[in-house]
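Residues in the sequence shown are numbered consecutively from 1, following UniProt numbering.
Here is the structure we will look at.
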Amino acid sequence: MENARGKQHFGLFDFIKSFWQLPLAEFCQEWLSYMTNEKIFTPRRVPQGCADAAIHFQKTMEKCFAKLLYKYLLVWIDDILLYAEDIDTYLNKFAEFFELLNEFCLKLSVKKSSLYQTEVKWCGKIIDTNGVRHDPARIESLGALPYPSTAGELQQYIYAKNWMREGLVDYARQVARLQRKLDESLARTRRAKQLDFRSKKAAFDNMKGMLASTVTLSFPDDTATTCLLTDASDVGWAVTVTQVDNFDIKIPIQDKQHRLLEYMSGTFTGSQFNWTVIEKEAFPMANFEISTPSLYEPPAEIERTTDGVLKLNNRILIPAEANEFVQRLFVIAHCGAKGHRGGAAMEEYLRRLFVIEHLQVLVSPFVRPCRLGETIPRPWGETIECSERNGVIHFDYRYMG
């Protein structure tokens, strides 16, 4: 959503019967046919709910709106957000957007679309020129919920709050009490059975009180200084990511004007309780680096070499439309030195040399048909102890069939 930073003009659009607007490949129609007591029904359009249908629709929409994507438009499945800094640019991109709709024969829902707004609710969050915040109506609804009477109701409440956790400080510690109660209930009863919630009413009330302190998340700014603040205790950890304009090292960190980008928190489980203090203090930094690397890395610049090759961070940039070339790279990476690399090994090899958008999503269906690349566990043999050279006869087999 950082692409919408500083934008003042928005348009919100939704497709009507989105998945059905895409034709289903002929060789897939037999696979997705279903039989009833009367006849066999064969779909001609992409059915909603089948495996990878959402990924296929998302990828198709990204190709259709590639001219506007991430510059003036965001798409999430069938929800489209159009934005621009000034009204003239917005009207131009608005016309271009409808030209693309006409070109690809896509139809919008009149009831769910809005041609112009200065503030939009997209994917459950309010977006305007100042930043991203949660929908007040959603916060009010969660605050008005009564105490849960079953484990299913408690589970539903926790999952709803998880959607808002990046803007709630000290969330993990507060929700841990409710999560333990849920785990205990699910371990011995069904979700529909009554739940004894009298001892957890205070924790539930604290969670409701946290909703009032939900913070507006700012858009990342490349010109500001990013601050990573971490802490850990014996039971949990937390990460706060902020940005400061005109950073002055002489001013104490607590006296600076911070803009919150994201807040992360969690609790230690299992063997993590046995970690040393240093390991627990280092965990939030390592976890943040793995989960959200784009927030602290400097903006990457695309370079063009003398022979016309595009490079990003010293890796060759592969255009999104170069599908045939990507498939050739996959064949080479899959072969490798020993042949039939797995998906993880292919990704690691390709990431070291190339920048390919949605690499993991593309590699998975490529590797899946290969039976020789699967890791097949075998039973352990007896332990052989050898104390002298050439004391054990060992054979290496390789079958080329």
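We treat Cβ as the ideally placed atom computed from N, Cα and C, and that holds for glycine.
Source: prediction; values computed, not measured.
Tell me, please, which residues DSSP counts as bridged to G266.
-> W237
Where the alpha helix (DSSP H) containing I290 begins and where it ends | 277-291
Flag this pair as touching only if the region 83-99 and the region 46-59 have three or more C-beta atom pairs under 8 Å; answer yes or no.
-> no
Based on Cα-Cα distance, which residue from K311, L359, R304, R315 lies nearest to F330?
-> When K311, L359, R304, R315 are compared, the shortest CA-CA separation from F330 is found for L359.
Are the Cβ atoms of G167 and V215 separated by less than 8 Å?
-> yes
Kindly list the residues whose CB is nearer than 7 Å to the CB of V309, restricted to its own chain and excluding five residues on each side of it in sequence; keep chain order.
-> I316, listed in sequence order.
Using the DSSP secondary-structure output, state which residues sit across from A232 in a beta bridge.
-> W237
Inter-residue spacing [alpha-carbon to alpha-carbon] between N274 and M285 | Rounded to whole angstroms, N274 to M285 spans 18 Å at the Cα level.
Per DSSP, cross-strand counterpart(s) of E303 | E303 is bridged by DSSP to K311.
Going by beta carbon distance, what residues of the same chain come within less than 6 Å of residue 429, once the five residues before and after it are set aside?
-> Here the chain has residues from 1 to 401 only, and residue 429 is not among them.
For L178 and A203, believed in contact at Cβ under 8 Å, the rounded distance | 6 Å
Pick from E324, L142, D79, N206: whose alpha carbon is nearest that of Y159?
-> Comparing C-alpha distances from Y159 to each of E324, L142, D79, N206 shows the shortest one belongs to L142.
State the start and end residues of the unbroken alpha helix (DSSP H) segment that holds I332.
-> 323-335
If you pair each beta-carbon of the region 112-130 with each one of the region 221-228, do three or more pairs fall below 8 Å?
-> no
What does R84 pair with, by DSSP beta-bridge criteria?
-> Residue identity check: residue 84 is Ala in the sequence provided, not Arg. In the DSSP output, where bridge partners are listed per residue, A84 has H9.
Alpha helix (DSSP H) segments (min. 4 residues) lying fully within the region 108-149 | 136-143
Is K121 near D14, with beta carbons less than 8 Å apart?
-> No, the pair does not count as a contact, with Cβ atoms beyond the cut-off.
Tell me whether the beta-carbon of residue 473 lies closer than 8 Å to the beta-carbon of T118.
-> Absent from the structure is residue 473, since the part of the chain shown begins at 1 and ends at 401.
Would you call G11 buried or exposed, if buried means 16 or more other Cβ atoms sit within 10 Å of its Cβ?
-> buried
Just the Cα atoms here: how many angstroms apart are F387 and I393?
-> As written in the sequence, residue 387 is Ser, which differs from the Phe given in the question. For S387 and I393, the distance between alpha carbons rounds to 13 Å.
To the nearest whole angstrom, what separates the beta carbons of I126 and L211, a pair I think is in contact under 8 Å?
-> Not a contact, Cβ separation roughly 15 Å.
Are the Cβ atoms of F97 and L74 separated by less than 8 Å?
-> no
Under 8 Å between the Cβ atoms of F288 and L229?
-> Taking 8 Å as the Cβ cut-off, F288 and L229 do not qualify as a contacting pair.
Please look up how many angstroms separate the CB atoms of L260 and T242, rounded, as I've assumed it's under 8 Å.
-> Right, their Cβ atoms sit about 6 Å apart.
Can you tell me the Cα-Cα spacing of I87 and S364, whole angstroms?
-> 42 Å
For S199, the nearest candidate out of S213, R180, G209, A187 (CA to CA) = R180
So who's on the other strand from C227, going by DSSP bridges?
-> T242
DSSP-derived helix/strand/coil call for F15 | strand
What are the uninterrupted segments assigned as beta strand (DSSP E) that are 3 or more residues long and contained completely in the region 7-76, given in chain order?
-> Taking only runs of at least 3 residues, the beta strand (DSSP E) segments lying wholly in the region 7-76 are 9-14, 73-76.
Inter-residue CB distance, L115 and L108 (contact presumed, cutoff 8 Å) = The pair is not a contact, with the Cβ atoms about 10 Å apart (cut-off 8 Å).
Alpha helix (DSSP H) segment containing D205, residue limits = 201-211
Label R341 either buried or exposed according to how many other C-beta atoms from any shown protein chain fall within 10 Å of its C-beta, with 16 as the threshold for buried.
-> buried
Just reading off the alpha helix (DSSP H) that F366 is part of, what are its end residues?
-> 359-367
Exposed or buried, what is I346 when buried is set at 16 or more other beta-carbons lying within 10 Å of its beta-carbon?
-> Correcting the residue identity first, residue 346 is Met in this sequence and not Ile. Buried, by the Cβ-count rule.
For V355, write down the residues that DSSP places opposite it in a beta bridge.
-> L317
Who pairs with H258 in a beta bridge, going by DSSP?
-> V244
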